[in-house]
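Working notes, beginning with the structure itself.
Residue numbers (this note's numbering): 1 to 254.
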């Protein structure tokens, strides 16, 4: 729930803004402006990614006690913190290739991400549960698959970018030098990206509000809930390998 708004911010408006600018400059043969836009946007996205990662980390400290009295979700949250920065890096290279009308690198990187979530996430969780018998650590390990899968996707897109540098030659760039300033490039990217990013961010914020309200109420009434569901809890514990007690009842009900 906490990760979703940051993820939405990174993947919604930013790559679309970059691809729009690249396509526009390419159509008008402003090759120097393409190089300028990519270089400036790359630095901007990295800064936004670092800043978002710090905000995410700070929010995680009060978010966990509010939404999970057991504190077990902390492992999963910390496992995906690097993914915030990784999502911004993915947006740079995806926006770059999409600006040239090439969706193949984006598609391949998404398959790599999905494969990381599936195979690495399940493998990490399997090994962790075997070694520790701790479901909370196993959940964190599963979430780590998202981070590693995203990192592999970034490496793939970066290598693809390095190999595709001959799309525009140095001669074409020298013949069509950039007329953009850094400030103007940043302003243009943000003006294009912010409306899309904010609209997506608002929809993602609903999950955070839901978690803070519903799960907080469940945590505050855990004793009453344990009495109400006493028979159901006993039945669950008699048929389950993991014991459900008052500390993790609210998470289970949510």
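Glycine included, each C-beta is placed from N, C-alpha and C at the ideal position.
According to DSSP, is residue i helix, strand or coil?
| i | result |
| --- | --- |
| residue 12 | coil |
| residue 196 | helix |
| residue 235 | helix |
| residue 327 | There is no way to answer for residue 327, as the model of the chain reaches only from 1 to 254. |
| residue 133 | coil |
| residue 100 | coil |
| residue 178 | coil |
| residue 110 | helix |
| residue 71 | coil |
| residue 215 | helix |
Between residue i and residue j, which are expected to be in contact by the criterion C-beta below 8 Å, what is the C-beta distance as a whole number of angstroms?
| i | j | result |
| --- | --- | --- |
| residue 150 | residue 116 | 7 Å |
| residue 154 | residue 89 | 5 Å |
| residue 2 | residue 45 | Not quite, the Cβ-Cβ distance comes to about 21 Å (not below 8 Å), so this is no contact. |
| residue 71 | residue 177 | Contact doesn't hold; Cβ gap of about 56 Å is too wide. |
| residue 222 | residue 246 | 5 Å |
| residue 125 | residue 75 | That belief does not hold up - the Cβ atoms of residue 125 and residue 75 are roughly 11 Å apart, past 8 Å. |
Leaving out the 5 sequence neighbours to the left and right, which residues in its chain are closer than 6 Å to residue i when beta-carbon positions are compared?
| i | result |
| --- | --- |
| residue 251 | 68 |
| residue 256 | Absent from the model: residue 256. The displayed extent of the chain is 1 to 254, so no value can be given. |
| residue 83 | 146, 147 and 150 |
| residue 93 | 157 and 161 |
Whose CA, out of the options, lies closest to the CA of residue i?
| i | options | result |
| --- | --- | --- |
| residue 156 | 110, 225, 120 and 131 | 110 |
| residue 144 | 120, 130, 253 and 164 | 120 |
| residue 199 | 4, 12 and 7 | 12 |
| residue 91 | 101, 55 and 106 | 106 |
| residue 22 | 158, 207 and 168 | 168 |
| residue 181 | 28, 158, 8 and 35 | 35 |
| residue 134 | 202, 104, 49 and 73 | 73 |
| residue 87 | 152, 27 and 195 | 152 |
Looking only at its chain, what residues have a beta carbon closer than 8 Å to the beta carbon of residue i, apart from the 5 residues adjacent to it on each side?
| i | result |
| --- | --- |
| residue 237 | 243 and 244 |
| residue 25 | 31, 33, 34 and 37 |
| residue 122 | 142 and 145 |
Inspect the beta-carbon positions of residue i and residue j and report whether they are closer than 8 Å.
| i | j | result |
| --- | --- | --- |
| residue 218 | residue 253 | yes |
| residue 53 | residue 81 | yes |
Taking 7 Å as the limit between beta carbons, can you name the residues of its chain near residue i, skipping five residues before and five after?
| i | result |
| --- | --- |
| residue 29 | 176 |
| residue 173 | 31, 32 and 35 |
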